[in-house]
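*Asks:* What follows is a single structure, and I will ask about it in a moment.
Protein chains: 2
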Amino acid sequence: MKTVDQHLADCLSAVDTLSPLELRLLDAHGCTLSEDVTATWDLPPFTNSSMDGYAVRSADLAGASESAPVVLPVVGDIPAGYSGALAVSPGQCARIMTGGPMPAGADAVVPVEWTDGDIVQVSITKAPQPNSYVRFQGEDASQGELIVPSGTRLGPAQLALLAAVGRARVLVRPRPRVVVMSTGSELVEPGEPIAGGKIPDSNSFMLAAAANAAGATAYRIGFVPDEPKQLITTIEDQLIRADLVITTGGVSVGAFDVVKEALGRMGTVAFDRVAMQPGMPQGFGTIGPDSTPIFTLPGNPVSAFVSFEMFVRPVLRRMQALEPLHRPTVRAVLQSAVQSPDGKRQFLRGDLDVEDGRYVVSTVGGPGSHLLAGLANANSLIVVPDETTHLSAGDAVTVIMLERRAG
Amino acid sequence: MKTVDQHLADCLSAVDTLSPLELRLLDAHGCTLSEDVTATWDLPPFTNSSMDGYAVRSADLAGASESAPVVLPVVGDIPAGYSGALAVSPGQCARIMTGGPMPAGADAVVPVEWTDGDIVQVSITKAPQPNSYVRFQGEDASQGELIVPSGTRLGPAQLALLAAVGRARVLVRPRPRVVVMSTGSELVEPGEPIAGGKIPDSNSFMLAAAANAAGATAYRIGFVPDEPKQLITTIEDQLIRADLVITTGGVSVGAFDVVKEALGRMGTVAFDRVAMQPGMPQGFGTIGPDSTPIFTLPGNPVSAFVSFEMFVRPVLRRMQALEPLHRPTVRAVLQSAVQSPDGKRQFLRGDLDVEDGRYVVSTVGGPGSHLLAGLANANSLIVVPDETTHLSAGDAVTVIMLERRAG
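Residue numbers (my numbering), protein chains in the order written: chain R, 1 to 407; chain Y, 1001 to 1407.
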């Protein structure tokens, strides 16, 4: 059997970061920038006022006070967006609004609160320091300066900075398009009757949501019955829009393992036994003319979930150039004893909490890999190492933190 | 001046959680469930096999071994989704696939690996325990049991569980629809020339992205010039699709404060000075026939960002019934001295890190509220309390953790 680490390494080595794509700013939110963005111009591009008030020559106001205000003629109005060429001569001032370009000659702004607000002859009761309430051209960034390096994940502030230097579109790693389908002749769409050995498809919802949460754009195809020809046709039809394909079910050793049978004919998919519990039967490879990566995950919902976390999510992050590839882990104190098979890495559903300033973790639900209700109550996965067969209450364990449910 | 806490309380008290809406499962991802979901049927709905193999009566196989295999006739095939009524009599077995319904009479499954895999007469080399490799009806959840309580945020595992009990749609708190616009006659669209006192709009990109990250669906309207009539018309046109409106700019005390002038006529918007830096001028109220909440944030990008974090994000989370309302905070060791105005809560852009197992935080960029490049390099906000005017290197401070940039 392969180890978890070996299988992950094999999967990662078979995928590349997606080719950069130019996207509009809001579409690039959450993506990784794949160009070095430099300042197109100085930031701010021109010296301007940070307050509503009056642009003055500070020397004119030396000694201004409540008892001895200085009165200056107002030679013009400078709103934000003003494109005129107003200048302030000695003994003059100009009304100016926040963001308005500083007029030639002026070296400070007097806030309107220090004045009587008159628009013809303003009375000023306080002397400004030179340069006060002035935002100087280039003080945030200089033209040509690297302001958002390649590899940066774009959040709200990064998008604002890109807009401020005039970028409407930027080159980023796009979101991987992930086609998700379940397999199994027992499956019906949720809401349809389940008489006669049927059950609703649930894995494709789980995996599509998990792919979206990992930054991908998921297309849930739903489910395909256990018919190799139909599965091949469905996958072939979807390859045109897939950067990655995920199937679940049909990968163990039985007579109805449609996925194994179908994919054996389509590409280089290898079906392996990986030394883990749950999730032992794993298939991974590439198919079709573009060598599209495909994961064939086991059909048990908990096995599919753990397999996604261990193998698919790191691959999706690699495709997006997102670091780190893995979820954060912590060491926590195990609250009750657990058994584990020798030679397999076991992933138990955990409830991670903080008590007295330290992490503690309890198991949630049973170990059965079909137990969805337990999975839905877990906030973490407890990792029992491959060679460990027993852990006692009080032992320290590594715990993988899943999305915070109330995040 | 109002305190930050008082202004937040006023904003929160004016908004309600959005009315529940029935959404399809994948559309409900990330939303808060607003119904108690019980199991429509037992989970699993019927007793079935957890392996590909043979359904047997375990008593028939007592003593089976490599040297003394037991041979049983195979009376039928049970694939997943099988709706027949096959029964296994003493001395018989049936081939069964993972998920196939257990036939009457059988009490255990023998994995195919313990057999020669024959489909007529199978030779079995190991005796199973009773009940082994059988998933029992109802062992995950019982019909009628509460499985996903109202108030749960729906992630991948919760969606799978809802699908498994046949729910195609569920009642959730919908994503708030947030209309975002900048104001200012100096604004142009990024990519357009900035000659003549113009600058690109950046705030509306930042706030739309921040609203989306907070779970909303943001509509970026772009920017409106400093014309009250045009602003009123734009807002009125958008109210039909807005659960919340955000504007930036035009809210201080100058002659061109179009937002103040326009909204003074439209609703109950109050313009307050809040004791914080940046972000002192704040407007909040409700407008239009549906009393739609509106935030009029200051126009400086850092002021707008901090205002969003302090007031808008908690309101958006309240609308979605998401808990906790606030981002996580930590106590960290400040790396250099900072000054702060008396009587105002100051929010400094921070770079939070872990050194020797403790949190440390440095300031990033200058204090100017127009400095976007510094904001783009911050991962946190350092909170300097209202009455504190000086902090020294080594002092402990409260730090608000923003989205992890590489998350």
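Beta carbons are placed, not taken as given, at the ideal position from N, Cα and C, and that holds for glycine.
(1) Cα separation between S13/R and P1130/Y?
(2) Using 8 Å for Cβ pairs, my map puts L1371/Y next to V1361/Y. What's the rounded Cβ distance?
(3) Using a Cβ-Cβ cut-off of 7 Å (strictly less than) and excluding sequence neighbours within five positions of V148/R, which residues of its own chain qualify?
(4) Whose C-alpha, out of R1265/Y, T1398/Y and G1215/Y, is nearest the C-alpha of T1388/Y?
(5) From the DSSP output, which residues share a beta bridge with K1344/Y?
(6) Which runs of the beta strand (DSSP E) fall wholly inside the segment 1131–1189 of chain Y and span at least 3 residues, in chain order?
(7) Please give me, in chain order, every unbroken run of the alpha helix (DSSP H) with length at least 4 that falls completely inside the segment 347–385 of chain R.
(8) Enumerate, from N- to C-terminal direction, the unbroken beta strand (DSSP E) stretches of 3 or more residues contained entirely within the segment 75–103 of chain R.
(9) Taking the straight line between their C-alpha atoms, what separation do you get for G249/R and G394/R?
(10) Please state whether the Cβ-Cβ distance between T329/R and I400/R is less than 9 Å.
(11) Compare the C-beta of D201/R against all C-beta atoms of chain Y and say whether one is closer than 9 Å.
(12) Could you round the C-beta distance between A141/R and A28/R to whole angstroms and report it? I think they count as a contact, below 8 Å.
(13) Leaving out five residues before and five after F1368/Y in sequence, what residues of the same chain have Cβ atoms less than 7 Å from its Cβ?
(14) State the DSSP-derived secondary structure class of D237/R, mapped to helix, strand or coil.
(15) CA-CA distance, R1405/Y and T1363/Y?
(16) Would T183/R be called buried (16 or more neighbouring beta carbons within 10 Å of its own) or exposed?
(17) Decide if the segment 1001–1008 of chain Y is in contact with the segment 1109–1123 of chain Y; the criterion is three or more beta carbon pairs, one per stretch, under 8 Å apart.
(18) Out of L402/R, D243/R, V88/R and I194/R, state which residue places its alpha-carbon closest to the alpha-carbon of Y1082/Y.
(19) Using only the alpha-carbon positions, how far apart do R327/R and L402/R sit?
(20) In the segment 325–341 of chain R, which residues sit with their C-beta less than 7 Å from some C-beta in chain Y, listed in chain order?
(21) So if DSSP puts H390/R in a beta bridge, which residue, or which two residues, is it bridged to?
(22) Round the Cβ separation of S1132/Y and A1108/Y to the nearest angstrom and send it over; I've been treating them as touching at under 8 Å.
(23) Could you pull out every residue in the same chain whose Cβ sits closer than 6 Å to the Cβ of G407/R, ignoring the five residues on either side in sequence?
(24) With DSSP run on the structure shown, which of helix, strand or coil describes M51/R?
(25) L1325/Y to V1178/Y, Cα distance in whole Å?
(26) List, in chain order, every chain Y residue whose beta-carbon is nearer than 8 Å to that of I194/R.
(27) Please check the pair V333/R and A396/R, which I expect to be a contact at CB under 8 Å, by giving their CB distance rounded to whole angstroms.
(28) Starting from the Cα of V1259/Y, find the closest Cα among I1287/Y, G1288/Y and T1296/Y and give me that residue.
(29) Let me confirm a value: T234/R is counted as buried when at least 16 other C-beta atoms fall within 10 Å, else exposed. Which label applies?
(30) State yes or no: is the beta carbon of F311/R nearer than 9 Å to at least one beta carbon in chain Y?
(31) Would you mind giving the Cβ-Cβ distance between P301/R and L375/R, rounded to the nearest angstrom? I have them listed as a contact below 8 Å.
(32) Looking at chain R, is there any beta carbon in it that lies within less than 9 Å of the beta carbon of G1407/Y?
(33) Quick check on this structure: which residue in G196/R, Q230/R, Q335/R and G366/R has the alpha carbon closest to the alpha carbon of R471/R?
(34) Are there three or more Cβ pairs, one per stretch, closer than 8 Å when the segment 122–129 of chain R is compared with the segment 96–105 of chain R?
(35) Indicate whether I287/R and I246/R have their beta-carbon atoms separated by less than 9 Å.
*Replies:* From the atom records:
(1) Pairing S13/R with P1130/Y, the inter-Cα distance amounts to about 44 Å.
(2) About 18 Å separates the two Cβ atoms, so there is no contact after all.
(3) The residues are L33, V37, Q158, L161 and L162.
(4) It is T1398/Y whose Cα lies nearest to the Cα of T1388/Y.
(5) The partner list for K1344/Y (beta bridge, DSSP) is empty, contrary to what the question assumes.
(6) Unbroken beta strand (DSSP E) stretches of 3 residues or longer found wholly inside the segment 1131–1189 of chain Y: 1146–1148, 1169–1173 and 1177–1183, given in chain order.
(7) If one requires a minimum length of 4 residues, the alpha helix (DSSP H) runs lying completely within the segment 347–385 of chain R are 372–376, in chain order.
(8) Taking only runs of at least 3 residues, the beta strand (DSSP E) segments lying wholly in the segment 75–103 of chain R are 93–96.
(9) G249/R and G394/R have their C-alpha atoms spaced approximately 37 Å apart.
(10) Annotated as proximal: T329/R and I400/R, with beta-carbon spacing under 9 Å.
(11) D201/R counts as touching chain Y.
(12) So it is not a contact: roughly 20 Å between Cβ atoms.
(13) Looking at the sequence itself, residue 1368/Y is Gly, so the reference to Phe does not match. So the list is empty, once near-sequence residues are dropped.
(14) Residue state, collapsed to three classes: helix.
(15) Note that R1405/Y scores a pLDDT of 42, beneath 50, so its modelled location is shaky; the value from the coordinates is reported in the next line. Looking at the two C-alpha atoms, the distance is approximately 17 Å.
(16) Answer is buried; the Cβ neighbour count reaches 16.
(17) Pairwise C-beta distances place the segment 1001–1008 of chain Y out of contact with the segment 1109–1123 of chain Y, as fewer than three of them are shorter than 8 Å.
(18) Y1082/Y has its Cα closest to that of I194/R, out of L402/R, D243/R, V88/R and I194/R.
(19) Here the alpha carbons of L402/R and R327/R stand approximately 7 Å from one another.
(20) For the segment 325–341 of chain R, there are no residues whose beta carbon sits under 7 Å from a beta carbon of chain Y.
(21) Within the DSSP secondary-structure output, H390/R pairs in a beta bridge with Q339/R.
(22) So it is a contact: roughly 5 Å between Cβ atoms.
(23) In this prediction, G407/R scores a pLDDT of 32, lower than 50, which makes its location untrustworthy; the coordinate-derived value is nonetheless stated afterwards. Excluding positions up to five away in sequence, the list is empty.
(24) In this structure, M51/R counts as coil in the three-state DSSP scheme.
(25) Each residue's Cα considered, the two are about 18 Å apart.
(26) In chain order: W1041, P1045 and G1166.
(27) Between A396/R and V333/R the Cβ distance is about 6 Å, and since that is below 8 Å, they are a contact.
(28) Checked all of I1287/Y, G1288/Y and T1296/Y; the closest Cα to V1259/Y is T1296/Y.
(29) Result: buried.
(30) No - not a single Cβ of chain Y is within 9 Å of the one on F311/R.
(31) In this structure P301/R touches L375/R by the C-beta definition: roughly 7 Å separates them, less than 8 Å.
(32) Annotation note: pLDDT 32 at G1407/Y (below 50); position unreliable, coordinate value reported separately. Yes, contact with chain R.
(33) What the structure shows of chain R is the stretch from 1 to 407, and residue 471/R is not part of that stretch, so it cannot be assessed.
(34) No: fewer than three Cβ pairs fall under 8 Å.
(35) In terms of Cβ geometry, I287/R and I246/R do not form a close pair [threshold 9 Å].
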